[in-house]
Each structure stands twice: as C-alpha cells, then as structure tokens.
Amino acid sequence: MSFKDWITYLLQRFLWYVETPRSERKELKRSQKEPWSTRWFGLVPFSMKMALNRQRRMRGRSNE
1 MSFKDWITYL LQRFLWYVET PRSERKELKR SQKEPWSTRW FGLVPFSMKM
51 ALNRQRRMRG RSNE
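The following block contains the structure:
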C-alpha cells in the first residue's frame, strides 16, 4: 500500500465518521460487539453454557 493509498483510505474513513450521525455510529458499534468470552476463547464457553443449561433443564424435569 503506497502512501497515497493510505492517505486516501484515512480520508474516506474520516469523512464517513464526520458524515454519519453519532446515534447511528453507536448503534453500529453495539450491533457488531461480541461477548468477551467468545472473543477470547471462541465457541468453547458457549458450548459449555449450552450443556449446563441442558443439564439444569433435565434435572428440573426429573424432580417433577
């Protein structure tokens, strides 16, 4: 990437930032954010949570 391309990219990003309303930028940021456990450890915490929830449901049914 040449210096000219880099400057062009930075200007495009800056103009997008200036032209986009603050509320829209915040909403976009919220929608793209993933949980920290997924970011750090992948899908392992998610699968463990699903397994624990399933065990809890099964225990609740057997007690009834």
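Last residue of the sequence shown: 64 (full-length UniProt numbering), numbering continuous.
Note that beta-carbon positions come from the ideal geometry of N, C-alpha and C, so glycine has one too.
Between which two residues does the alpha helix (DSSP H) containing residue i stretch?
{"i": "K26", "result": "22-32"}
{"i": "L11", "result": "3-19"}
Does residue i come within less than 8 Å of chain D when only Cβ atoms are used?
{"i": "M48", "result": "In summary, chain D is missing from the structure at hand, where a single protein chain is found."}
With DSSP run on the structure shown, which of helix, strand or coil describes residue i?
{"i": "S37", "result": "helix"}
{"i": "M50", "result": "helix"}
Who are the near neighbours of residue i in its chain, counting only those whose CB is closer than 8 Å to its CB and skipping five residues on each side?
{"i": "R25", "result": "Y17"}
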